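Protein chains in written order, with our numbering: chain L, 1 to 251; chain S, 1 to 413; chain W, 1 to 338; chain P, 1 to 369; chain D, 1 to 252.
Quick reminder that beta carbons are idealized off the backbone N, C-alpha and C, glycines included.
From a predicted model like this one, the values you see are computed outputs, not experimental measurements.
The block underneath contains the structure these notes are about, expressed in structure tokens.
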Ligand SMILES: Nc1ncnc2c1ncn2[C@@H]1O[C@H](COP(=O)(O)OP(=O)(O)OP(=O)(O)O)[C@@H](O)[C@H]1O
Ligand SMILES: Nc1ncnc2c1ncn2[C@@H]1O[C@H](COP(=O)(O)OP(=O)(O)OP(=O)(O)O)[C@@H](O)[C@H]1O
Ligand SMILES: [Mg+2]
Ligand SMILES: [Mg+2]
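In structure tokens:
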């Protein structure tokens with residue numbers, strides 16, 4: 001797992017260690033429109049960070065920028081993951097260096113079965129969980145393994161999307177609204193899983209409308225508004241800070 | 001005669017339009033036509049060695065242009081499509097102000113622009129067109145054809161075929177499915193039947209540009225026919241012949257006779273395309289550079305010296321057409337098409353490669369000697385692809401003017 | 001009876017040709033989803049590989065033909081024959097098969113250059129743009145070939161060994177009336193070989209799956225660490241080679257000229273779509289189906305009943321199939337359906 | 001109010017368009033394109049492309065057989081000329097009507113499929129029409145030669161012209177289209193082009209237009225929104241078919257001949273290229289695309305070495321000759337090459353076609369001041 | 001209180017899977033009826049069966065006393081059934097305003113009426129309505145934006161507005177608030193409540209219990225394609241089967 005492979009590196013920078021993951025003043029554009037307007041935050045290894053904000057605040061855009069998707073195009077700023085400059089990488093290079101995005105619209109691939117969707121994740125190194133292990137986590141998928149992925153129910157698709165991320169050996173997990181459309185029981189399932197993942201030392205950013213749930217899980221929270229960071233601090237703080245919650249999360 | 005379109009009288013020069021295929025399957029033929037036209041213009045303007053102006057008689061041309069006006073020309077691309085050809089011709093007439101236009105490499109196009117010529121009142125001297133219709137049912141007062149036609153091919157070939165392959169043959173026709181193909185099929189059938197007693201086993205229509213003709217050739221194998229006539233032209237002929245020979249037809253023995261293949265209309269470019277496969281095949285052609293009469297030699301000389309290789313039959317007919325028009329104008333003493341037409345009609349001339357020739361007034365068809373040629377078994381050079389088997393005299397191929405009835409239309413438009 | 005058997009054989013022969021000719025397009029159009037109007041050009045370039053090689057092999061000393069005046073006429077004797085005598089003649093005789101060795105790298109280059117330099121930037125562009133750019137490219141390639149080799153067909157004889165006819169009937173003990181050109185049989189075998197190889201490559205490796213996935217959703221596939229562009233170039237190169245070889249091997253049957261590509265373009269598209277977008281087996285099946293039906297529709301007996309049927313059979317069948325089966329014979333869902 | 005604002009903008013656009021079209025004989029002079037036949041072609045193919053764009057640009061159905069309607073329109077029109085009258089009005093009415101019916105049938109069949117499957121269906125039907133017209137249907141179409149007028153034609157409605165007197169010119173209630181050296185013919189075409197343009201604009205701006213764009217973007221959603229997409233698509237198909245038919249009729253009207261090759265797939269492909277080249281979904285784009293292609297076909301193809309020679313005559317001979325040989329690769333018989341290059345350049349540098357280019361230039365200006 | 005929608009004995013299987021297993025369900029006029037259940041229970045499939053996206057193997061779907069089986073989707077909608085999809089179904093290439101006009105036109109002009117000549121931007125009544133509904137989901141400000149470039153939550157709100165604008169007799173909502181910010185969720189709840197108060201019947205699928213319990217008068221629980229129980233919200237909350245099959249430890 002990643003921990004093993006990178007020990008040496010980490011050992012070297014003890015003390016001076018900049019955060020395990022950091023994005024510094026990133027700016028991203030959809031064509032002309034300027035969406036991510038200088039976002040910066042750090043995460044320590046194994047931390048879970050909740051990225052919150054209103055609809056259209058720029059959460060998804062930020063995640064996509066970090067995963068080096070083609071749009072929004074990252075025009076300025078630096079992204080470092082485990083001492084590697086993600087901002088210089090292409091989408092697949094970022095992925096090969098341990099960045100995994102679970103997109104908000106799941107992006108299950110048309111024309112491939114559930115199993116093929118998982119196999120696809122294991123074509124390139126580094127490989128993470130075995131497909132069987134993923135099926136143990138989501139038995140529902142096992143039942144449907146030979147069904148075309150896009151015909152899965154909304155929730156099943158969400159499971160597949162998360163599973164697909166776990167099928168790779170990842171250092172940074174970017175979850176865009178992972179609970180959306182999931183039955184409460186499954187939400188609890190996934191929360192449990194995320195804790196497990198945390199144990200594995202995988203650093204996680206979670207975007208979630210169900211802020212309370214997210215904050216309960218997270219160590220730290222960053223709140224975005226119109227593409228800029230308006231809060232960066234501990235999760236409890238947000239949970240306890242009436243005003244903050246009211247202003248930016250309306251809860 | 002009153003006013004007429006594009007009257008060059010008060011201009012120093014006169015414009016001719018050369019409308020040839022520059023793209024599509026016949027582009028090379030078109031290129032050769034264009035060379036011939038340019039050569040003709042040179043000679044008309046008194047440059048070069050004068051080519052056939054030294055041999056054609058009667059001759060009224062003086063080598064000072066036409067009626068003393070320097071000859072200029074414009075070119076266009078017919079794309080071997082009726083619409084494109086008409087568009088190009090219209091450009092020459094409406095924009096460039098040509099007094100006559102010429103060229104072309106297919107009957108469909110020739111007929112289409114010929115009717116345009118009539119509408120616009122501008123003379124069209126057809127290039128390579130072989131269908132009987134051009135001077136038959138689709139003849140026009142303003143259109144003239146120097147090239148021979150399917151009827152003449154039949155008339156010229158039949159006796160040779162009989163002499164070579166004997167009587168009472170069973171014939172299988174593969175025919176390009178359009179007017180030219182049909183008219184040639186009919187002509188060949190009529191003459192071989194009447195003169196050599198050949199019977200038609202089957203006559204099958206093949207789509208134009210089929211590319212692979214194998215599905216039409218397989219039925220020939222066991223059909224009991226012992227002669228295959230390919231009424232195809234250009235690319236289609238190259239393909240169908242190549243493929244027919246691959247199917248071993250020429251090695252076959254049917255009804256105790258050697259199976260034979262006949263290609264009624266030949267050209268050197270087609271021979272090049274068919275390569276080895278053309279060897280020994282009989283067909284007819286309008287003209288060949290190896291002819292030894294003074295007219296042909298004069299033309300081959302100046303063409304060869306100009307371009308470094310011999311002219312094709314297409315080049316020959318286009319060159320002649322230009323000369324004939326110019327000469328007619330000189331005789332008429334005016335560019336007025338009505339007068340020029342009258343001069344061309346029933347004009348008899350000689351020294352242009354096909355012996356004494358008549359431009360028949362009734363249908364604007366030239367009557368002249370026709371060549372029966374055979375694919376050369378062992379060529380002495382890269383141009384030496386066809387052997388002139390026989391020069392069939394004009395008398396043998398002439399036919400009465402009401403054979404293919406048609407309406408020329410008025411002189412005045 | 002023999003007539004029927006011959007027609008069946010002919011149908012297979014045509015079918016094989018159609019399948020092979022369409023194969024390259026299935027890869028680029030059916031699999032990569034690029035509307036490639038330059039497919040015909042690739043086919044034609046392959047054919048001209050054969051032409052080029054033959055011209056090189058037959059470089060000749062020119063012996064002037066003195067009988068000809070006014071211009072230079074030569075009898076050409078290839079150097080190979082002068083130097084190697086019999087062997088030289090044999091080599092020239094085998095020029096078509098030999099040129100395969102040259103065509104494979106050449107077409108691969110063409111394919112990769114074309115993909116890297118042009119097509120790559122059009123994967124995510126609307127089909128309209130792909131049509132215009134590939135059509136433009138096709139014209140340019142054609143015109144260059146026309147300018148170099150002229151517009152007239154250039155005959156490419158098959159090796160002596162393969163140029164006769166084979167008595168197929170005798171092979172299966174069905175009388176001596178079923179003879180068929182050897183080269184066409186070779187072509188049939190060749191198409192089986194190539195189709196089989198490509199099929200194996202895409203079906204029995206994950207490669208096909210990955211490319212299909214990439215076509216459905218490039219971004220997600222890249223998010224899974226896969227360098228999809230690289231794989232696309234591989235497919236494209238492969239397609240170019242396959243198309244080229246199809247054209248090259250066809251030259252003895254159809255003397256190539258610069259326009260031959262356009263003549264096969266429509267047919268290729270019809271075959272691919274009738275087979276069903278994104279389905280290799282579909283395209284192959286369609287090729288054979290159309291070939292056989294066309295062959296039969298061209299028999300005089302049939303033509304007498306329905307005149308002109310042979311002229312439209314391909315399109316008629318295409319229409320019927322597409323009306324009966326929404327995605328052609330074996331099309332995948334959602335590929336170019338909107 | 002915003003509605004009226006856009007409305008005025010549209011009307012202005014139509015006026016400018018009309019002015020540009022009607023003044024062609026003047027401003028096309030310097031381009032050497034100001035002669036009747038070519039200007040007629042501009043108008044006719046412009047019309048064709050506009051109609052095609054209603055189906056392709058608005059509705060998202062890429063038809064690869066639209067030339068079939070051109071052919072049908074032409075044949076129908078010429079037959080009226082032959083049988084009844086040389087007056088183009090009834091003839092064109094008939095031509096458009098027939099092609100409308102033809103489009104209705106073909107559309108009904110083809111619209112059962114979408115995407116590429118639709119395209120191939122249209123292609124197949126058009127190619128069948130072409131092949132049959134070329135061969136078996138010769139009695140109706142006169143095959144390869146094309147359907148022509150002849151002095152023997154009955155023309156029963158016209159005062160009979162005695163045989164031998166030749167063929168009368170087509171006319172619009174007495175106004176001969178060949179009058180004024182063919183300018184009459186051009187203006188007839190021009191008027192139709194402007195009308196066609198206006199109608200297309202109205203359709204684009206209408207609720208019907210929105211429906212078509214809805215079908216283009218999300219056909220499923222349309223259905224669950226209570227809309228029956230089939231008849232909408234079919235209407236669009238028939239309309240664009242009738243545009244094509246009108247273009248075909250006009251062709252026959254200004255030049256009374258109808259050839260099968262008008263229906264060939266290359267012709268269908270040409271209008272696709274015209275539309276994309278000009279700008280899919282734009283109003284003016286297709287017209288520009290059509291003009292460019294026709295210009296190349298007719299003017300570039302005619303530039304031969306002598307023309308080039310005196311074009312470069314001001315230069316020293318050596319240089320001139322070099323330039324002539326180089327340039328001659330791209331003009332005359334090389335005109336296709338230039339066209340191909342143009343296609344590539346446009347899509348590469350101006351995704352969105354010529355209109356995109358114009359838009360950019362506009363932006364430049366608005367930015368600068 | 002009459003039955004508006006009656007589903008009886010509906011079965012649907014995909015290959016081996018019985019997605020809907022003899023489903024019986026009544027939706028009464030003027031009520032908000034929630035359908036909850038684990039993922040893959042068959043909820044969306046059920047809606048698909050209602051709007052004619054798929055035809056059940058057996059069973060009947062009666063709407064207003066008419067059988068909807070085999071009726072064309074567009075006709076079903078014209079009968080007054082409108083649906084919000086689980087993943088937003090909008091016209092990406094069109095502006096928000098145009099997105100809005102299409103359903104409004106469909107509602108006004110019926111399934112097919114080619115209005116070729118009138119100008120869209122002159123349809124005062126339509127525009128007025130459009131403004132009103134867009135304002136409700138506060139997207140009027142973005143009316144000229146291409147809907148493809150909307151954020152996920154905005155897309156959902158747009159689709160909701162599109163459905164509401166047809167004021168349907170029966171509104172089917174498949175997770176209308178999924179991915180919506182809490183604030184907007186609350187707004188949406190209010191919005192839906194006002195709609196309901198206008199007497200529009202609703203069947204709503206939600207995994208957000210807050211939404212479910214603040215809206216619905218009646219709840220059916222679906223599991224493995226089967227209605228395992230139905231009742232008032234209170235009953236459902238406390239039903240042990242529901243707890244272990246669906247709610248788990250979630251506090252509601
Ligand atoms: N493809 C695009 N093109 C242009 N603008 C876009 C695009 N995608 C999103 N935007 C704009 O960027 C802004 C942020 O979008 P983003 O999806 O990042 O918001 P979000 O925080 O994820 O919202 P939500 O919670 O609804 O998912 C929004 O105003 C949206 O309109
Ligand atoms: N076209 C199809 N082919 C095969 N199986 C399908 C198809 N559509 C749905 N299914 C299966 O039917 C079951 C029910 O799907 P459905 O979408 O109705 O679930 P749901 O109740 O909406 O779940 P969720 O709350 O996650 O959206 C799922 O197991 C799904 O995989
Ligand atoms: Mg988002
Ligand atoms: Mg669902």
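Under DSSP, the alpha helix (DSSP H) around residue 163 (chain D) begins and ends at which residues?
Position 163 of the fifth chain, counting from 1, holds the residue named residue 163 (chain D). It spans 152 to 164 - the alpha helix (DSSP H) in which residue 163 (chain D) sits, taken as one unbroken run.
Do residue 32 (chain D) and residue 201 (chain D) count as a contact pair if the criterion is CB distance below 9 Å?
As a first step, residue 201 (chain D) is located in the fifth chain; it is residue number 201 there, counting from the start. As a first step, residue 32 (chain D) is located in the fifth chain; it is residue number 32 there, counting from the start. In this structure, residue 32 (chain D) lies closer than 9 Å to residue 201 (chain D) by Cβ.
Ends of the alpha helix (DSSP H) at residue 189 (chain P)?
The residue you call residue 189 (chain P) lines up with position 189 of the fourth chain. Its alpha helix (DSSP H) spans residues 183 to 205.
Pick helix, strand or coil for residue 45 (chain P), following the three-state DSSP scheme.
On the fourth chain, position 45 is the one that residue 45 (chain P) refers to. Helix, per DSSP.
Among D:38, D:12, D:11 and D:16, which one has its Cα closest to the Cα of residue 182 (chain L)?
In the first chain, the residue the question calls residue 182 (chain L) occupies position 182. Among D:38, D:12, D:11 and D:16, the Cα nearest to that of residue 182 (chain L) is on D:38.
Just tell me which of P:127, P:8 and P:103 has its CA closest to the CA of residue 308 (chain W).
If you number the third chain from 1, residue 308 (chain W) lands on position 308. Measuring C-alpha to C-alpha distances from residue 308 (chain W) to each of P:127, P:8 and P:103 identifies P:127 as the nearest.
Take residue 330 (chain S) and list the residues in its own chain whose beta-carbon comes closer than 6 Å to its own, dropping the five residues that flank it on each side.
For the purposes of this step, residue 330 (chain S) is taken as residue 330 along the second chain, with counting starting at 1. For residue 330 (chain S), where only same-chain residues beyond five positions count, the Cβ hits under 6 Å are 60 and 61.
Nearest-angstrom Cα distance between residue 97 (chain L) and residue 88 (chain L)?
For the purposes of this step, residue 97 (chain L) is taken as the residue at position 97 of the first chain. For the purposes of this step, residue 88 (chain L) is taken as the residue at position 88 of the first chain. In a straight line, the C-alpha of residue 97 (chain L) is about 12 Å away from that of residue 88 (chain L).
State yes or no: is the C-beta of residue 159 (chain D) nearer than 8 Å to some heavy atom of ligand 3?
Numbered from its first residue, the fifth chain carries residue 159 (chain D) at position 159. Not under cutoff, so the answer is no.
Given 8 Å as the limit, tell me if residue 45 (chain D) has its C-beta closer than that to any heavy atom belonging to ligand 3.
Against the fifth chain, residue 45 (chain D) aligns to sequence position 45. Answer for residue 45 (chain D): no, Cβ out of range of ligand 3.
Taking 9 Å as the CB-CB limit, is residue 331 (chain W) close to chain L?
Taking the first residue of the third chain as position 1, residue 331 (chain W) is located at position 331. With 9 Å as the cut-off, residue 331 (chain W) does not count as an interface residue toward chain L.
Report the option in L:70, L:64 and L:140 whose CA atom is closest to the CA atom of residue 104 (chain L).
The count along the first chain starts at 1 and reaches residue 104 (chain L) at position 104. Looking at the Cα atoms, L:64 is the closest of the given residues.
Can you give me the Cβ contacts of residue 179 (chain W) inside the same chain, cut-off strictly under 6 Å, excluding the 5 residues immediately before and after it?
As a first step, residue 179 (chain W) is located in the third chain; it is residue number 179 there, counting from the start. So the list reads 165 and 167, once near-sequence residues are dropped.
Do residue 22 (chain L) and residue 42 (chain L) have their C-beta atoms within less than 9 Å of each other?
Here residue 22 (chain L) corresponds to residue number 22 of the first chain, with the count starting at 1. Here residue 42 (chain L) corresponds to residue number 42 of the first chain, with the count starting at 1. Contact check for residue 22 (chain L) against residue 42 (chain L) passes: the beta carbons are separated by less than 9 Å.
Simplified DSSP state of residue 363 (chain S), which is helix, strand or coil:
Numbered from its first residue, the second chain carries residue 363 (chain S) at position 363. Here residue 363 (chain S) sits in coil by DSSP.
With respect to 8 Å, is the separation between the Cβ of residue 176 (chain L) and the closest non-hydrogen atom of ligand 1 below this value?
Translated into the one-based positions of the first chain, residue 176 (chain L) becomes position 176. Because some heavy atom of ligand 1 lies under 8 Å away, the Cβ of residue 176 (chain L) counts as near it: yes.
Just mark residue 246 (chain L) as buried or exposed, buried being the case when its beta carbon has 16 or more other beta carbons within 10 Å.
Along the first chain, one-based indexing puts residue 246 (chain L) at 246. In summary, residue 246 (chain L) is exposed, with fewer than 16 beta-carbon neighbours lying within 10 Å of its beta-carbon over all protein chains present.
Buried or exposed by the 16-neighbour rule on C-beta atoms within 10 Å, applied to residue 172 (chain L)
Here the question's residue 172 (chain L) lines up with position 172 in the first chain. With a threshold of 16 other beta carbon atoms within 10 Å, residue 172 (chain L) meets it and is buried.
Same chain, Cβ closer than 7 Å to residue 102 (chain W), five either side skipped, listed in chain order
Here residue 102 (chain W) refers to the residue found at position 102 of the third chain. Taken in chain order, the residues that qualify are 49 and 53.
For residue 93 (chain L), which three-state DSSP category applies?
On the first chain, residue 93 (chain L) is found 93 positions in, with the first residue counted as 1. In this structure, residue 93 (chain L) counts as helix in the three-state DSSP scheme.
Rounded to the nearest angstrom, what separates residue 242 (chain W) and residue 137 (chain W) at their Cα positions?
Counting from 1 along the third chain, the entry for residue 242 (chain W) is found at position 242. Counting from 1 along the third chain, the entry for residue 137 (chain W) is found at position 137. For residue 242 (chain W) and residue 137 (chain W), the distance between alpha carbons rounds to 19 Å.
Proximity test, residue 105 (chain L) beta-carbon vs ligand 4 heavy atom, cut-off 8 Å
Taking the first chain and counting its residues from 1, one reaches residue 105 (chain L) at position 105. Every heavy atom of ligand 4 is 8 Å or more from the Cβ of residue 105 (chain L), so no.
8 Å contact criterion, which residue 38 (chain P) and residue 91 (chain S) should meet: CB distance rounded
The residue you call residue 38 (chain P) lines up with position 38 of the fourth chain. The residue you call residue 91 (chain S) lines up with position 91 of the second chain. Yes, they are in contact, since the Cβ atoms of residue 38 (chain P) and residue 91 (chain S) sit about 7 Å apart, within 8 Å.
Which two residues bound the contiguous beta strand (DSSP E) that contains residue 89 (chain W)?
The residue given as residue 89 (chain W) occupies position 89 in the third chain. Element bounds for residue 89 (chain W): not the beta strand (DSSP E) but the alpha helix (DSSP H), 86 to 93.
Identify the contact partners of residue 177 (chain W) in chain S, using a Cβ-Cβ distance below 8 Å as the criterion.
Within the third chain, the letter at position 177 stands for residue 177 (chain W). Here the neighbours are 221 and 222.
How many angstroms separate the CA atom of residue 41 (chain P) from the CA atom of residue 232 (chain W)?
Position 41 of the fourth chain, counting from 1, holds the residue named residue 41 (chain P). Position 232 of the third chain, counting from 1, holds the residue named residue 232 (chain W). In a straight line, the C-alpha of residue 41 (chain P) is about 42 Å away from that of residue 232 (chain W).
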